[in-house]
Amino acid sequence: MKKNRVIVIGSYLVALVMDTDRIPLQGETLVARNFHQTHGGKGSNQAVQAARLGAPTSFVGFVGNDSYGHSFVDLCKAEKVDTTNVRFSDKRPTGAGFIVCSNDGHNVITIDIAANLDLTPVAIDALTTDIIPGDIVLIQLEIPVESALYAAKVAKAKGAIVILNPAPAANLSNHDLSFIDFITPNETEARICSGVDQNRAITDEEAAQKLCVLGCKNVIVTQGEKGCLVLNENGFSSVEAFRFQDIVDSTGAGDSFNAAFAVGMLEEKTIAEACRFANAAAGLACTKADTIPSYHYRNEVNEFISKKDLI
16 MKKNRVIVIG SYLVALVMDT DRIPLQGETL VARNFHQTHG GKGSNQAVQA ARLGAPTSFV
76 GFVGNDSYGH SFVDLCKAEK VDTTNVRFSD KRPTGAGFIV CSNDGHNVIT IDIAANLDLT
136 PVAIDALTTD IIPGDIVLIQ LEIPVESALY AAKVAKAKGA IVILNPAPAA NLSNHDLSFI
196 DFITPNETEA RICSGVDQNR AITDEEAAQK LCVLGCKNVI VTQGEKGCLV LNENGFSSVE
256 AFRFQDIVDS TGAGDSFNAA FAVGMLEEKT IAEACRFANA AAGLACTKAD TIPSYHYRNE
316 VNEFISKKDL I
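Position in the sequence shown (from 1) plus 15 gives the number in the working numbering.
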């Protein structure tokens, strides 16, 4: 009998990063330093974290037939992420992000999703034939919104549990989201996704209610150090975050949360249990710099939670 998996349908981007004393002005050239290349993209982040947490994990998506794309496949092999449904684009390069970081903590980022644009509905049909009932399908919005929602609909029809992490955020207020089992925005994303005028002040609860009206069965609003807010047919509930004294970098913590929550669902944890597990994984990710290098393994997360349970 085939074993259920976490299946990440989404994006890979290579990140090209350099540091400067300050953000350059328009038309200005600055001398930078510390240029480095790193793996990026919400989809790949989530796939690696899910695999490190012990879940059978597969990635569905496109990369360019270039050194960056082949590097991603090597990463997946090293992290034990199945690449059966990864394809090389024959017309676009690997998606990329250019990041300039200044000494005062500000940055300028541009991204070209490039090969991720090949993840069309036709491609999704071809790459999702092996989804079975009970699989957990995790999708983000670094692919076209129409493709993301189509993938969610296809996965749901095949009996999967569908998690949509709506990041980067897009206005979803005109879409039917009844095939989404869990939508997991942060506080800002919840407002954008629900179509709320950003000049209008509303609570996280109100934003969650608007997403529920669109058909989502469960809304989980991540709230950083406060934990997360859950809304479903049983009403509102909250799951507190763990406390950390040594926060280093919160970049990629949201991807860690989503991956860990997907693993929790795969293991048939309750929603509260899965959120608590995800809060632990995401919090631990904040104690190290960068994204993938900050993602902890299952034994580390379990040990952290067990120590907290003893207090």
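Idealized CB from N, CA, C, for every residue including glycine.
Review point. When burial is assigned at 16 or more other CB atoms within 10 Å of the CB, is P181 buried or exposed?
Key: Here residue 181 refers to the residue found at position 166 when the sequence shown is read from its first residue. Burial call: buried.
Practice item. Take S193 as the anchor and find which of I217, V211, K168 and I207 has the nearest alpha-carbon. Key: Numbered from its first residue, the sequence shown carries residue 193 at position 178. Nearest to S193 by alpha-carbon distance, out of I217, V211, K168 and I207, is K168.
**Study point:** Three-state secondary structure (DSSP) of R48
**Key:** Sequence index remark: in the sequence shown, residue 48 carries index 33 (1-based). The three-state secondary structure of R48, taken from DSSP, is strand.
**Study point:** Cβ shell of F386 (< 7 Å), same chain only, five flanking positions each side left out
**Key:** Missing from the structure shown is residue 386; the chain here goes from 16 to 326 and no further.
Point to revise | Rounded separation between D105 and G79 - CA only | key: Numbered from its first residue, the sequence shown carries residue 105 at position 90. Numbered from its first residue, the sequence shown carries residue 79 at position 64. Rounded to the nearest angstrom, the gap between the Cα atoms of D105 and G79 is 7 Å.
**Study point:** Residue burial classification, R37 (beta-carbon count within 10 angstroms, cutoff 16)
**Key:** For this step, residue 37 is matched to residue 22 along the sequence shown. Under this definition R37 is an exposed residue.
Point to revise | Nearest-angstrom Cα separation, counted from A268 out to V10 | key: With the chain running from 16 to 326 in the structure shown, residue 10 is simply not present.
**Study point:** Helix, strand or coil at I178 according to DSSP, with G and I counted as helix
**Key:** Within the sequence shown, residue 178 is the residue found at index 163, counting from 1. In the structure shown, I178 sits in a strand (DSSP, three-state: E or B).
Point to revise | Continuous alpha helix (DSSP H) stretch holding N294: start and end | key: The residue given as residue 294 occupies position 279 in the sequence shown. For N294, the enclosing alpha helix (DSSP H) begins and ends at I286 to A300.
Check your understanding: For Y310, which of K284, M280, P108 and S265 has the nearest alpha-carbon?
Key -> Here residue 310 refers to the residue found at position 295 when the sequence shown is read from its first residue. With distances taken between Cα atoms, Y310 lies closest to S265.
Review point. Can T218 and N273 be called in contact, C-beta distance under 8 Å?
Key: Locating residue 218 in the sequence shown gives position 203, counting from the first residue. Locating residue 273 in the sequence shown gives position 258, counting from the first residue. Cβ atoms of T218 and N273: not closer than 8 Å.
Check your understanding: Between the segment 57–75 and the segment 18–32, are three or more C-beta pairs nearer than 8 Å?
Key -> yes
**Study point:** Integer-rounded CB distance, given that L28 should sit under 8 Å from A111
**Key:** Mapped onto the sequence shown, residue 111 falls at position 96. Mapped onto the sequence shown, residue 28 falls at position 13. Between L28 and A111 the Cβ distance is about 6 Å, and since that is below 8 Å, they are a contact.
Exercise for review: Please say whether L246 and C227 have beta carbons closer to each other than 8 Å?
Suggested key: Here residue 227 refers to the residue found at position 212 when the sequence shown is read from its first residue. Here residue 246 refers to the residue found at position 231 when the sequence shown is read from its first residue. In this structure, L246 lies closer than 8 Å to C227 by Cβ.
Review point. Which residue's Cα is closest to the Cα of G239: N201, E220, F251 and G250?
Key: Position 224 of the sequence shown, counted from the start, is the residue given in the question as residue 239. Per the Cα distances, N201.
Check your understanding: Just how far apart, CA to CA, sit Q64 and D212?
Key -> Position 49 of the sequence shown, counted from the start, is the residue given in the question as residue 64. Position 197 of the sequence shown, counted from the start, is the residue given in the question as residue 212. Near 34 Å, if we compare the C-alpha coordinates of D212 and Q64.
Review point. Taking DSSP as the reference, what is the three-state secondary structure of Q61?
Key: The count along the sequence shown starts at 1 and reaches residue 61 at position 46. In the structure shown, Q61 sits in a helix (DSSP, three-state: H, G or I).
Review point. If you draw a straight line from the C-alpha of N60 to the C-alpha of T306, how long is it?
Key: By one-based count along the sequence shown, residue 60 stands at place 45. By one-based count along the sequence shown, residue 306 stands at place 291. Approximately 7 Å, taken between the alpha carbons.
Check your understanding: Contact check, F257 vs K323 under 8 Å by CB: the rounded distance?
Key -> Start at 1 with the first residue of the sequence shown, and residue 257 comes out as number 242. Start at 1 with the first residue of the sequence shown, and residue 323 comes out as number 308. The Cβ separation is near 6 Å, so the contact holds.
Exercise for review: Return the residue from the list P308, E43, I235 and N249 that minimises the CA-CA distance to R291.
Suggested key: Locating residue 291 in the sequence shown gives position 276, where the first residue counts as 1. The shortest C-alpha to C-alpha distance from R291 to any of P308, E43, I235 and N249 is the one to I235.
Review point. Going by Cα to Cα distance, which pick from I158, T237, L153 and I151 is closest to A6?
Key: The shown model of the chain, from 16 to 326, leaves out residue 6, and the question about it has no answer.
Practice item. Compare the beta carbon distance of T35 and L45 with 8 Å and say whether it is the shorter of the two. Key: Sequence index remark: in the sequence shown, residue 35 carries index 20 (1-based). Sequence index remark: in the sequence shown, residue 45 carries index 30 (1-based). Against a cut-off of 8 Å, the Cβ pair of L45 and T35 comes out as a contact.
Practice item. Please list, in chain order, all residues of the same chain as H190 whose beta carbon is under 7 Å from its beta carbon, the five residues on each side excluded. Key: Locating residue 190 in the sequence shown gives position 175, counting from the first residue. L164 and L229.
Review point. Where E315 and D119 are concerned, what is the direct C-alpha to C-alpha distance, given to the nearest angstrom?
Key: Stepping through the sequence shown from its first residue, residue 315 is reached at position 300. Stepping through the sequence shown from its first residue, residue 119 is reached at position 104. Between E315 and D119, the C-alpha separation is close to 32 Å.
Review point. If we count the other Cβ atoms within 10 Å of its Cβ and call it buried at 16 or more, is D270 buried or exposed?
Key: Within the sequence shown, numbered from 1, the residue matching residue 270 stands at position 255. When all chains shown are included, D270 counts as buried.
Review point. DSSP puts C231 in a beta bridge; with which residues?
Key: For the purposes of this step, residue 231 is taken as the residue at position 216 of the sequence shown. DSSP lists no partner for C231.
Point to revise | Cβ neighbours of T237 in the same chain (closer than 7 Å, five flanking residues each side left out) | key: Taking the first residue of the sequence shown as position 1, residue 237 is located at position 222. The answer, listed in chain order, is T199, N201, C243, G269 and F272.
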